[in-house]
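Enquirer: Before we start, here is the structure in question, set down as structure tokens.
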Amino acid sequence: MRTLVVVDAANVVGSVPDGWWRDRRGAAERLRDHLQVYAEGGIPGHPGPLAVVLVVEGAARGVAPVPGVRVESASGSGDDRIVEVVAEETGKGAAVLVVTADRELRRRVEAYGAQCAGPRTVRPQPGDAEGERT
Numbered sequence: 000m001r002t003l004v005v006v007d008a009a010n011v012v013g014s015v016p017d018g019w020w021r022d023r024r025g026a027a028e029r030l031r032d033h034l035q036v037y038a039e040g041g042i043p044g045h046p047g048p049l050a051v052v053l054v055v056e057g058a059a060r061g062v063a064p065v066p067g068v069r070v071e072s073a074s075g076s077g078d079d080r081i082v083e084v085v086a087e088e089t090g091k092g093a094a095v096l097v098v099t100a101d102r103e104l105r106r107r108v109e110a111y112g113a114q115c116a117g118p119r120t121v122r123p124q125p126g127d128a129e130g131e132r133t
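Set out below in structure tokens:
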């Protein structure tokens, strides 16, 4: 079964103080583009291809999808939209991995049977070559 990876864009982007706050939409787009690598090749413990959903909110709403990465724009809280996606997908029997460091969000999605991983799972770190996985 293919794993669905749901990424909390605000939490992952905010995990590294690289100036993301000056261009929230651009930061979400860079993350989305980087996620294509994981959609194709997988992440540790979850071989590719993976279905990837990037949940955006606020100034990042309206970011377009790219091949391998579906983008969900939350009309309100990004956390609430993530929980909705997880509930829908686990209800269909999907294996779901949520990428976030938010403890309350982790508690909420784990109640639906999702696994969780921290932002470093998918976040390019300063000094990484573009597109290179760590």
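For the sequence shown, numbering that gives the first Met the number 0 gives the first residue as 0, with consecutive numbering after it. Ideal Cβ positions, reconstructed from N, Cα and C, are used throughout, including at glycine. Bear in mind the structure is a predicted one, so any value in this text is a computation, not a measurement.
(1) Give the DSSP-derived three-state secondary structure of Leu104 in the structure shown.
(2) Count the other C-beta atoms from every protein chain shown that fall within 10 angstroms of the C-beta of Glu56, then say buried if there are 16 or more, exposed otherwise.
(3) Can you look up Arg122 in the DSSP assignment and give me helix, strand or coil?
(4) Report all residues from its chain with a CB closer than 8 Å to the CB of Val52; omit the five preceding and five following residues, and keep chain order.
(5) With a threshold of 8 Å on Cβ separation, who are the neighbours of Ala113 within its own chain once the five nearest residues in sequence on each side are excluded?
(6) Do the CB positions of Gly75 and Ala100 come within less than 7 Å of each other?
(7) Tell me whether Arg23 is buried or exposed, calling it buried when 16 or more other Cβ atoms sit within 10 Å of its Cβ.
(8) Give, in chain order, every unbroken run of the beta strand (DSSP E) that is at least 3 residues long and sits entirely within the stretch 58-97.
(9) Determine the direct distance from the alpha carbon of Gly47 to that of Arg29, and round the result to whole angstroms.
(10) From Arg132 to Thr120, what does the alpha carbon distance come to, in whole angstroms?
(11) If I follow the unbroken beta strand (DSSP E) through Asp32, where does it start and stop?
(12) Assuming Trp19 contacts Ala8 (C-beta within less than 8 Å), just tell me the rounded distance between them.
Expert: On the basis of the supplied data:
(1) Reading the sequence shown from its first residue, position 105 is the one you call residue 104. Helix at Leu104.
(2) Numbered from 1 along the sequence shown, position 57 holds the residue referred to as residue 56. Classification of Glu56: buried, given that the 10 Å Cβ count is 16 or more.
(3) Numbered from its first residue, the sequence shown carries residue 122 at position 123. Coil at Arg122, not helix or strand.
(4) Residue numbering aside, residue 52 sits at position 53 when the sequence shown is read from its first letter. Closer than 8 Å at Cβ, skipping near neighbours: Leu3, Val4, Val5, Val6, Val68, Arg69, Val70, Glu71 and Val84.
(5) The residue you call residue 113 lines up with position 114 of the sequence shown. These residues qualify, in order along the chain: Val5, Val85, Thr89, Val95, Leu96 and Val97.
(6) Within the sequence shown, residue 75 is the residue found at index 76, counting from 1. Within the sequence shown, residue 100 is the residue found at index 101, counting from 1. Note that the C-beta distance between Gly75 and Ala100 is not below 7 Å.
(7) Position 24 of the sequence shown holds residue 23. With 16 or more other Cβ atoms within 10 Å, it is buried.
(8) 68-72
(9) Here residue 29 refers to the residue found at position 30 of the sequence shown. Here residue 47 refers to the residue found at position 48 of the sequence shown. Whole-angstrom Cα-Cα distance: 20 Å.
(10) What you label residue 132 is simply residue 133 of the sequence shown in a count that begins at 1. What you label residue 120 is simply residue 121 of the sequence shown in a count that begins at 1. Residue placement at Arg132 is flagged as unreliable, the pLDDT there being 40, under the threshold of 50; a coordinate-derived value is accordingly withheld.
(11) Residue mapping note: residue 32 aligns to position 33 of the sequence shown, counting from 1. Run containing Asp32: none in the beta strand (DSSP E); it sits in the alpha helix (DSSP H), Arg23 to Gly40.
(12) Position 20 of the sequence shown, counted from the first residue, corresponds to residue 19. Position 9 of the sequence shown, counted from the first residue, corresponds to residue 8. Between Ala8 and Trp19 the Cβ distance is about 10 Å, and since that is not below 8 Å, they are no contact.
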